[in-house]
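Here's the structure, in structure tokens; my notes come after.
2 protein chains.
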Amino acid sequence: MSDQHIVSSFDRDLETIQAHIMKMGGMVERAISDAACSLETSDEELAEAVRNRDKAIDALEEQINEEAARVLALRAPAARDLRLILTVIKISASLERIGDYAKNMAKRTSVLSQMTTVSGSLAGLRRMAREVETMLKDVLDAYIHRDLELAQEVIRRDQDVDQMYNAIFREFLTFMMEDPRNITPCMHLHFIAKNTERMGDLVTAIAEQVIYLVSGALPDDPRPKGDATSVDASLAPEPGT
Amino acid sequence: MSDQHIVSSFDRDLETIQAHIMKMGGMVERAISDAACSLETSDEELAEAVRNRDKAIDALEEQINEEAARVLALRAPAARDLRLILTVIKISASLERIGDYAKNMAKRTSVLSQMTTVSGSLAGLRRMAREVETMLKDVLDAYIHRDLELAQEVIRRDQDVDQMYNAIFREFLTFMMEDPRNITPCMHLHFIAKNTERMGDLVTAIAEQVIYLVSGALPDDPRPKGDATSVDASLAPEPGT
Numbered sequence: 000m001s002d003q004h005i006v007s008s009f010d011r012d013l014e015t016i017q018a019h020i021m022k023m024g025g026m027v028e029r030a031i032s033d034a035a036c037s038l039e040t041s042d043e044e045l046a047e048a049v050r051n052r053d054k055a056i057d058a059l060e061e062q063i064n065e066e067a068a069r070v071l072a073l074r075a076p077a078a079r080d081l082r083l084i085l086t087v088i089k090i091s092a093s094l095e096r097i098g099d100y101a102k103n104m105a106k107r108t109s110v111l112s113q114m115t116t117v118s119g120s121l122a123g124l125r126r127m128a129r130e131v132e133t134m135l136k137d138v139l140d141a142y143i144h145r146d147l148e149l150a151q152e153v154i155r156r157d158q159d160v161d162q163m164y165n166a167i168f169r170e171f172l173t174f175m176m177e178d179p180r181n182i183t184p185c186m187h188l189h190f191i192a193k194n195t196e197r198m199g200d201l202v203t204a205i206a207e208q209v210i211y212l213v214s215g216a217l218p219d220d221p222r223p224k225g226d227a228t229s230v231d232a233s234l235a236p237e238p239g240t
Numbered sequence: 000m001s002d003q004h005i006v007s008s009f010d011r012d013l014e015t016i017q018a019h020i021m022k023m024g025g026m027v028e029r030a031i032s033d034a035a036c037s038l039e040t041s042d043e044e045l046a047e048a049v050r051n052r053d054k055a056i057d058a059l060e061e062q063i064n065e066e067a068a069r070v071l072a073l074r075a076p077a078a079r080d081l082r083l084i085l086t087v088i089k090i091s092a093s094l095e096r097i098g099d100y101a102k103n104m105a106k107r108t109s110v111l112s113q114m115t116t117v118s119g120s121l122a123g124l125r126r127m128a129r130e131v132e133t134m135l136k137d138v139l140d141a142y143i144h145r146d147l148e149l150a151q152e153v154i155r156r157d158q159d160v161d162q163m164y165n166a167i168f169r170e171f172l173t174f175m176m177e178d179p180r181n182i183t184p185c186m187h188l189h190f191i192a193k194n195t196e197r198m199g200d201l202v203t204a205i206a207e208q209v210i211y212l213v214s215g216a217l218p219d220d221p222r223p224k225g226d227a228t229s230v231d232a233s234l235a236p237e238p239g240t
């Protein structure tokens, strides 16, 4: 076997793994989009489809992990190739978790469709989900094209998602205080908002892995954290004060 | 350099990495315990200490990742040693996330100490946090002793945590419906409960890695998921119905 042969077969392994990452990314994008759509239109069938498809996402993560372990064992890659394998393990884990959040969103669709709708509450959630979906699409592009700038832009855009979340948090508190019948549906909507905000954090984590892959170092600046609701009591005013 | 020498130096590398995992685990255990305590006693100083110490947990995760990458690059481990390195990467990521949740709990302490207390609401949270802390302690023991049975027991105990969460979810809904002044504090307490439930899931994920490390395969049975609030509308009754 010539060296040339070994190298190409190794490259083929890496390409296969990356193709699986892109496939997984596409499935997760679709899960977010369908979960948000099912929520908006109270489409329980679509919600069930999202929940069922999550198994395939989980299976793909496991497959990627096995492929990565096999490449590490058989090829003992160094430097950039090793970095690629390490990022693949991290990115697939982040994608799996985003998929879980989308599944959770879809689960709550069924619960919410049995409840009073809180009018106007879904628009903000939809915008937020759409932004996260676009960020995921862009970070996968950044990954495949090794585009450092696009990865950095995705990290910046996560701050918009955090701001959207903070606005929704306040909006839902107001709804709940206005009418106790809104409490239960708003709790569920709220979890959806929080989970969408977390999806944004996970997309950011993927962007950081892209930066690590391209530059060899994780970004210096600590990731901006925009969920102000946990630190700023003024965002969560008590009624009557 | 003799083979013997190489082997022992490799073993030393692995031991160092594992010692760092145990150190990180201890720091995270303490973060959970202190965050829960700061919440219960409205101890803002302790809460701030938890928040500040999270940086050291994050730094340790990064260090473990670097050590793992170095071992992969220099030693090209195979079979069981490779599995050890892969679990180290996954376990440190789970620990880092548990630490983040503890930090978030501590952040909410400061917010909550400025609000009306919802009497009786903290007992359930404290029990839940204590159970997760014990599970974490046990899973780290299972890791260091390669104890398959203990790891499996930890996975089973996560169902108790999920049940505690479901009970707390219902309790807080009742509080909020009884008095709108409870809404804001209960929202925060609720997030803490949900985050504690997620910590339990992450401890379970560590237990699964221990099983993978010892047996070479991830557990067959899908992890029991006990957060019924997202699928069962009856757990979240609308007021007046």
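Sequence order for the protein chains is X and F.
Residues 0 to 240 in numbering that gives the first Met the number 0 are what the first sequence spells out, letter by letter.
Residues 0 to 240 in numbering that gives the first Met the number 0 are what the second sequence spells out, letter by letter.
Even glycine gets a Cβ: it sits at the ideal position worked out from N, Cα and C.
Asked: Chain X partners of F:A77, CB-CB under 8 Å?; Found: A72
Asked: Put X:S41 into one of helix, strand or coil per three-state DSSP.; Found: coil
Asked: Say whether chain A places a C-beta atom closer than 8 Å to the C-beta of F:I154.; Found: Included in the structure are the protein chains X and F, with no chain A among them.
Asked: Which one of X:E66, X:D99 and X:M127 has the shortest CA to CA distance from X:I84?; Found: X:E66
Asked: Thinking just about the alpha-carbon of each residue, which of X:M198, X:E43 and X:I63 is nearest to the one in X:K22?; Found: X:I63
Asked: Which bits of chain F does X:M186 rub up against, with CB to CB less than 9 Å?; Found: F168, F171, L172, M175, M186, H189, T228 and A235
Asked: Take X:I205 as the anchor and find which of X:L73, X:S109, X:P184 and X:M134 has the nearest alpha-carbon.; Found: X:M134
Asked: To the nearest angstrom, report how far apart F:D157 and F:T203 are at their CA atoms.; Found: 7 Å
Asked: When DSSP labels each residue in this structure, what does X:D178 get in the three-state scheme?; Found: coil
Asked: So that I know if they touch, is there some Cβ in chain F lying closer than 8 Å to that of X:I16?; Found: no
Asked: Can you say whether F:E60 is buried or exposed, counting buried as having 16 or more other CB atoms within 10 angstroms of its CB?; Found: buried
Asked: Would you list, in sequence order, the uninterrupted alpha helix (DSSP H) runs of no fewer than 4 residues that lie entirely inside the region 106 to 156 of chain F?; Found: 120 to 144
Asked: What do you get for F:S214, buried or exposed, if any count of 16 or more other CB atoms within 10 angstroms of its CB means buried?; Found: exposed
Asked: When DSSP labels each residue in this structure, what does F:G199 get in the three-state scheme?; Found: helix
Asked: DSSP on X:P184, reduced to helix/strand/coil?; Found: helix
Asked: Where X:C36 and F:I191 are concerned, what is the direct C-alpha to C-alpha distance, given to the nearest angstrom?; Found: 29 Å
Asked: Take every Cβ of the region 46 to 57 of chain X, pair it with every Cβ of the region 150 to 166 of chain X, and state whether three or more of those distances are shorter than 8 Å.; Found: no
Asked: How many Å lie between X:M127 and X:E196 at the Cα?; Found: 8 Å
Asked: Taking Cβ to Cβ, would you say X:A141 is nearer than 8 Å to X:V209?; Found: yes
Asked: Thinking just about the alpha-carbon of each residue, which of F:P218, F:A216, F:L212 and F:L38 is nearest to the one in F:R79?; Found: F:L212
Asked: Against chain X, does F:L201 count as a neighbour if the rule is that its beta carbon must be under 8 Å from one of theirs?; Found: no
Asked: Could you tell me whether any Cβ in chain F is nearer than 8 Å to the Cβ of X:P179?; Found: yes
Asked: Compare the C-alpha of F:G123 against each of F:R155, F:F168, F:T108 and F:D99 and name the closest.; Found: F:F168
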